[in-house]
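Below you'll find the structure, written out as structure tokens, and then a few comments.
Number of protein chains: 2
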Amino acid sequence: MKKLTLKAKPLDMETGRNIVVIHEMDSQEIGHFPGDRVRLITEKKTIVAIANETNKLVKPGELGAFREVTEALSLKSGDLVNVEIAPRPQSVVSIKKKMMGGKLTYEEIGTIIRDVVDGNLSTTEMTAFVVSEFIRGMDLDEIVALTQHMLNTGDRIDFDREHVVDVHSIGGVPGNKYALITVPIVAASGIIVPKTSSRAITSAAGTADVMEVLANVALSIDEIKKIASKVGGVLAWGGAVNLAPADDIIISTERQLGIDPRCQLLASVMSKKLAEGVDSILIDIPTGPGAKVESIEEARSFAHDFIELGHKLGVQVEVAVTYGGQPVGHNVGPALEAKEALETLLGKGPSSLVEKATSLAAIMLELGGAAAAGLGKEMALEILRSGKAYQKMREIIAAQGGDPDIKPEDIPIGDKKEVVVAPYSGYVTQIYNQNVNEIARAAGAPRDKGAGVVLLRKKEGKVDKGEPLFEIYAEHESKLEEALEIARRKFPFKIEGMLLEKITHRPRVV
Amino acid sequence: MKKLTLKAKPLDMETGRNIVVIHEMDSQEIGHFPGDRVRLITEKKTIVAIANETNKLVKPGELGAFREVTEALSLKSGDLVNVEIAPRPQSVVSIKKKMMGGKLTYEEIGTIIRDVVDGNLSTTEMTAFVVSEFIRGMDLDEIVALTQHMLNTGDRIDFDREHVVDVHSIGGVPGNKYALITVPIVAASGIIVPKTSSRAITSAAGTADVMEVLANVALSIDEIKKIASKVGGVLAWGGAVNLAPADDIIISTERQLGIDPRCQLLASVMSKKLAEGVDSILIDIPTGPGAKVESIEEARSFAHDFIELGHKLGVQVEVAVTYGGQPVGHNVGPALEAKEALETLLGKGPSSLVEKATSLAAIMLELGGAAAAGLGKEMALEILRSGKAYQKMREIIAAQGGDPDIKPEDIPIGDKKEVVVAPYSGYVTQIYNQNVNEIARAAGAPRDKGAGVVLLRKKEGKVDKGEPLFEIYAEHESKLEEALEIARRKFPFKIEGMLLEKITHRPRVV
């Protein structure tokens with residue numbers, strides 16, 4: 115094994131993992147290729163880093179060390195470091211096996227996930243793993259292993275009691291604020307619901323963005339456990355805690371490629387929920403045109419995988435396939451959704467939202483043993499109607515540091531507003547989820563909490579030319595303009611005459 | 115489209131492509147995700163760059179610009195730059211299509227290759243392309259398109275005449291110095307052989323490393339054309355010229371993953387050779403245990419693809435399947451191979467090398483019209499025996515700035531030497547190519563030109579315990595030690611008794 119002794123040259127930049135650069139002459143000397151790993155040895159410590167070669171940034175004899183390496187080895191300029199080629203980590207061999215179409219063992223997946231969490235894989239290797247997952251897929255055994263290792267490499271909550279239930283929606287439908295109603299309904303029955311959720315990625319508002327309008331969502335593991343144990347429910351942001359951190363890293367690569375490998379999605383959801391210490395999980399699969407899952411067959415296949423996976427992982431899983439072909443309720447955007455959720459808890463919610471929130475709560479009440487089979491829906495509606503859910507939501511808001519007395523009308527909505535009307539008469543045959551999202555995002559959501567869209571009409575129903583269809587709210591005039599521009603280019607309503615197709619019968623000339 | 119105006123902060127580091135960093139608050143403001151592209155607009159110019167987010171390297175309101183961006187936009191510290199999200203380039207859509215298993219069109223492949231050459235793809239996207247090529251493969255139409263676009267995005271030589279022939283070995287066998295004999299034989303017949311070759315990647319010596327012992331190999335396009343036109347033959351390093359540069363970039367990603375997608379290999383060889391302006395190509399596929407291609411079936415399948423591809427590209431291709439199960443000749447390492455090649459040209463070569471070099475030359479003589487079908491071998495042997503090949507090699511060496519009068523014994527070989535003997539008696543049933551390479555590399559090859567291995571025995575044949583098997587040469591004592599250490603751990607000879615297995619028949623006890 116060839117070794118070189120190089121002089122450290124700290125480079126003041128963070129790279130997110132251990133990276134060094136060496137001059138291409140030194141690189142050739144030790145038989146190194148770009149992206150190979152090197153072992154860096156000082157008197158006190160040895161670490162492995164990914165090395166790139168350069169002919170400008172350092173001179174021959176120098177080791178350019180980015181901040182992570184400088185800190186790990188406590189390097190000062192001119193310190194001597196022994197450098198030698200390190201073997202490829204075992205996980206790279208396993209990634210290649212998956213690339214070749216092989217089935218990975220429990221241990222192999224464990225090694226990959228450990229290296230993902232430790233930042234030991236180069237961008238090239240991470241990408242090869244994600245693309246191979248996407249193309250080759252994984253079978254149930256592999257997904258179980260993936261889930262368990264993602265779970266084991268992060269923090270976990272343990273509630274020391276039964277009847278801990280959570281719900282997760284795989285997303286893709288705008289205005290999906292059901293959790294702010296479902297969680298307090300279920301928590302009001304005595305079941306613990308330690309819900310963590312994400313911020314918006316490509317949508318106008320994630321559950322965490324909506325809840326943040328009412329209370330603090332950046333809670334620690336201890337706070338989540340304390341609040342859920344005391345109040346029954348919590349609505350926290352998953353990004354503030356270290357539950358299944360491998361998943362967050364993998365998702366960042368997926369997003370850059372615009373892919374979402376099914377095996378990773380399954381393991382992602384299950385590991386995040388298991389880390390919350392639940393004993394049963396409800397999965398909501400919004401299904402319909404423009405949702406993440408478009409057909410009922412695909413939804414059923416997904417549901418089957420989730421249930422099988424739960425079975426293997428020793429956790430009870432139920433799946434609800436809900437209608438996701440248009441936004442849930444009317445409001446889209448953090449503050450607008452928080453407002454609509456509070457109104458719903460106060461008995462003035464739109465039927466689609468009440469229906470979705472109570473249907474999901476019903477299943478959770480039965481899963482958690484609060485309601486007998488078949489009686490969950492009645493109980494959920496009763497908890498909502500009686501005001502107990504609203505009362506529970508006040509407790510949750512207070513526990514998370516918000517104002518429990520807040521009224522829907524107190525919630526500040528953007529003061530720049532535009533109403534868009536029907537350009538012609540006809541029937542609303544489709545509302546395009548993606549376009550609604552884009553308009554709300556252009557208006558400033560989710561960053562501008564008060565920005566968003568209110569749908570005055572939903573799918574199915576006649577509209578007259580000039581009748582208001584939707585409102586856009588923004589906090590800044592320029593963003594209102596941008597949103598209007600998007601609304602013109604990507605109109606969110608499809609309006610058609612009753613006569614969808616005209617077939618003319620021409621009498622045959624004999 | 116959200117826009118930000120940021121102040122340039124030049125970062126003095128080259129990254130190989132257009133990369134900027136922006137603060138995560140600004141990143142969120144324009145709705146950017148790590149790895150997305152941004153359009154950078156100044157008064158004079160607009161470019162697209164890949165943007166990463168940071169919370170340390172720049173402050174909010176600043177645009178961290180690495181050297182490529184700073185230079186492209188002539189940025190000075192504090193210059194104002196408008197930044198907006200740029201759409202994903204079309205090639206990213208096409209890469210996803212290949213990931214999904216689709217067939218790419220001629221235009222789609224063209225867009226990808228253009229973006230590869232222009233540095234427009236992120237590491238993640240480049241990797242997704244290479245992994246998808248590896249897993250999904252490409253059909254003949256796609257490989258034709260890949261070859262043509264790799265060819266068209268680089269420089270080309272045009273000889274304005276017919277009978278330009280080259281040979282390419284797909285490699286994997288140590289001591290493969292045949293080209294230094296084959297090229298002068300063919301050139302001596304009046305055919306033009308503008309051979310470019312690579313330096314060693316994982317082997318002990320590439321053809322370019324061997325030729326460099328005798329002459330200058332870093333020639334320009336013009337020099338290659340001039341020398342080949344005047345002398346008939348040239349032996350240049352491909353890395354010094356810009357022939358099919360996309361290939362060099364793609365190969366770097368392949369190497370990091372240890373994969374070699376067949377479609378890419380086919381397109382790589384064909385584009386490099388077509389760029390040399392040849393009208394026919396001989397492909398050598400060394401086949402046998404420890405070679406790149408191990409079975410004759412695989413070699414035939416490869417040969418079929420090369421011939422089909424040549425047909426589609428309008429160039430004549432012949433394929434020679436040669437024995438690659440042990441090193442060619444005896445010497446491995448730049449100077450040792452140059453010495454053996456010169457000895458062979460002077461009529462004192464080992465039979466395996468003479469046989470390989472003249473067999474390949476025979477096919478090229480027939481391809482180039484110098485010999486009638488079936489008479490190439492006789493002609494090749496005659497040119498070698500008569501000394502005409504040696505004379506031509508002297509001309510080539512002189513044209514490339516070397517000393518034409520050099521004798522084999524003038525070539526400096528490392529003066530540190532060790533002889534390794536047979537540890538026991540038996541038959542040489544295998545020589546491990548990979549181990550021979552590793553020993554030669556540990557001894558210092560290819561960087562130390564005089565380092566390498568001389569095989570005193572080859573496969574098949576009885577050896578007695580204590581009989582010399584191979585010599586190791588090095589320029590430095592420490593490297594000789596390293597090479598000996600490797601030789602002990604990875605012994606390159608398999609020596610077995612004649613009795614390969616002993617089966618004992620036990621009489622049954624009745």
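As you go down the protein sequences, you meet chains R and W in turn. Whatever position you read off the first sequence (first residue = 1), add 114 for the numbering used here. Whatever position you read off the second sequence (first residue = 1), add 114 for the numbering used here. Where a beta carbon is used, it is the ideal one built from N, C-alpha and C, also for glycine.
Beta-carbon contacts of residue i that lie in its chain and below 6 Å, excluding the five residues immediately before and after
| i | result |
| --- | --- |
| GLY482(R) | HIS277, VAL279, ILE305 |
| VAL631(W) | Any property of residue 631(W) remains undetermined from this structure, which presents chain W solely from 115 to 624. |
| GLU451(W) | LYS291, ALA319, VAL324, ASN445 |
| LEU171(W) | VAL135, GLY178 |
| GLU222(R) | SER208 |
Neighbourhood of residue i by C-beta, 7 Å cutoff - its chain only, sequence neighbours within 5 removed
| i | result |
| --- | --- |
| GLU581(W) | VAL535, ALA536 |
| THR238(W) | GLY149 |
| PRO124(R) | ALA179, THR184, LEU189, SER191 |
| LYS470(R) | TYR292, THR436, VAL442 |
| ARG571(R) | VAL542, VAL577, LEU583 |
| ASP253(W) | LYS217 |
| PRO464(W) | GLY443, HIS444 |
| ALA381(W) | ILE257, LEU260, THR261, MET264 |
Close-in-space but distant-in-sequence residues of the same chain around residue i (CB under 8 Å, 5 per side omitted)
| i | result |
| --- | --- |
| TYR541(W) | GLU574, GLY575, LYS576, VAL577, ILE609, GLU610, GLY611, MET612 |
| ALA434(R) | LEU396, ILE397, ASP398, ILE399, SER473, LEU474, ILE477 |
| SER334(R) | ALA354, VAL355 |
| ILE155(W) | VAL195, ASN196, VAL197, GLU198 |
| GLU412(R) | THR401 |
| THR225(R) | PRO203, GLN204, SER205, SER208 |
| GLU585(R) | LYS531, GLU532, VAL533, VAL534, VAL567, VAL568, LEU570 |
Where residue i falls, given that 16 or more other Cβ within 10 Å makes a residue buried
| i | result |
| --- | --- |
| ASN166(R) | buried |
| THR321(W) | buried |
| VAL624(R) | Caution applies to VAL624(R), whose pLDDT of 48 falls short of 50 and renders its modelled position unreliable; the value that the coordinates give is listed next. VAL624(R) comes out exposed. |
| PHE220(W) | For clarity, residue 220(W) is Tyr in the given sequence; the question names Phe instead. The residue is exposed, with fewer than 16 neighbouring Cβ atoms inside 10 Å. |
| LEU614(R) | Only weak support exists for where LEU614(R) lies, its pLDDT of 49 falling under 50; the value from the coordinates is given anyway. Looking at its Cβ environment, which holds fewer than 16 other Cβ atoms inside 10 Å, LEU614(R) is exposed. |
| THR119(W) | exposed |
| LEU489(W) | exposed |
| GLY634(W) | Residue coverage of chain W in this structure runs from 115 to 624, which leaves residue 634(W) outside it and unanswerable. |
| GLY555(R) | Per the sequence presented here, residue 555(R) reads as Arg, with Gly not at that position. By the 10 Å Cβ count, ARG555(R) comes out buried. |
Nearest candidate by alpha-carbon position, reference residue i, set the options
| i | options | result |
| --- | --- | --- |
| GLY352(R) | LEU189(R), VAL383(R), CYS377(R) | VAL383(R) |
| GLY286(W) | ARG202(W), GLY463(W), VAL446(W) | VAL446(W) |
| VAL568(W) | GLU599(W), SER539(W), PRO124(W), PRO606(W) | PRO606(W) |
| ASP398(R) | VAL429(R), GLY372(R), VAL348(R), THR436(R) | THR436(R) |
| GLU157(R) | ARG151(R), LYS170(R), SER141(R), VAL197(R) | VAL197(R) |
| GLN378(R) | GLU454(R), LEU260(R), ILE477(R), GLN430(R) | LEU260(R) |
| ASP374(R) | ASP562(R), THR160(R), HIS282(R), GLU247(R) | GLU247(R) |
| SER366(R) | HIS146(W), GLY215(W), LEU594(W), ASP255(W) | HIS146(W) |
| MET214(R) | PRO201(R), THR225(R), ALA242(R), SER539(R) | ALA242(R) |
| SER141(R) | ASP393(R), ARG603(R), LYS116(R) | LYS116(R) |
Cβ separation of residue i and residue j, assumed to be a contact under 8 Å, to the nearest whole Å
| i | j | result |
| --- | --- | --- |
| GLY391(R) | PRO298(R) | Not quite, the Cβ-Cβ distance comes to about 20 Å (not below 8 Å), so this is no contact. |
| MET240(W) | VAL230(W) | 7 Å |
| VAL244(R) | LEU423(R) | At roughly 19 Å, the Cβ-Cβ gap does not stay under 8 Å, so VAL244(R) and LEU423(R) are not in contact. |
| ARG313(W) | PRO560(W) | 7 Å |
| GLY251(W) | ILE510(W) | With a Cβ gap of about 39 Å, GLY251(W) and ILE510(W) do not count as contacting. |
| ALA485(R) | LEU479(R) | 4 Å |
Residue i at chain C interface by Cβ criterion, 8 Å
| i | result |
| --- | --- |
| GLU596(R) | Reference to chain C is not applicable here, since the protein chains of this structure are R and W. |
Cβ-heavy atom distance, residue i to the ligand GTP, below 7 Å
| i | result |
| --- | --- |
| ALA503(R) | Among the components modelled here there is no ligand, and therefore nothing to report on the ligand GTP. |
Quiz item: When Cβ atoms are compared, which residues of the segment 368-400 of chain R fall closer than 8 Å to chain W?
Solution: ARG369, GLN370, LEU371, GLY372, ILE373
Quiz item: What residues from the segment 146-159 of chain R come within 9 Å of chain W, judged by C-beta to C-beta, listed N to C?
Solution: Taking 9 Å as the Cβ-Cβ cut-off against chain W, the residues of the segment 146-159 of chain R that qualify are PHE147, PRO148, GLY149, ASP150.
Practice problem: Could you run through the segment 201-214 of chain R and flag, in chain order, every residue whose CB is less than 7 Å away from some CB of chain W? | Solution: LYS210, MET213
Practice problem: Residues of the segment 242-275 of chain R with a CB closer than 8 Å to any CB of chain W: list them in chain order, please. | Solution: Only ALA242, VAL245, SER246, PHE248, ILE249, ARG250 from the segment 242-275 of chain R bring a Cβ to less than 8 Å from some Cβ of chain W.
Quiz item: Got a sec: which bits of the segment 159-171 of chain W sit with their beta carbon under 8 Å from any beta carbon on chain R, in order along the chain?
Solution: Residues passing the 8 Å Cβ filter: THR168, LYS170, LEU171.
Quiz item: In chain order, what residues of the segment 547-576 of chain R put their CB closer than 7 Å to some CB of chain W?
Solution: ARG555, ARG561
Quiz item: What residues in the segment 214-239 of chain W bring their beta carbon closer than 9 Å to a beta carbon of chain R?
Solution: MET214, GLY215, SER236, THR237, THR238, GLU239
Practice problem: Give the residues from the segment 121-139 of chain R that approach chain W closer than 8 Å (Cβ to any Cβ), ordered along the chain. | Solution: LEU125, MET127, GLU128
Self-check item: Members of the segment 288-313 of chain W that neighbour chain R once the beta carbon cut-off is set at 8 Å
Solution: The residues in question: there are none.
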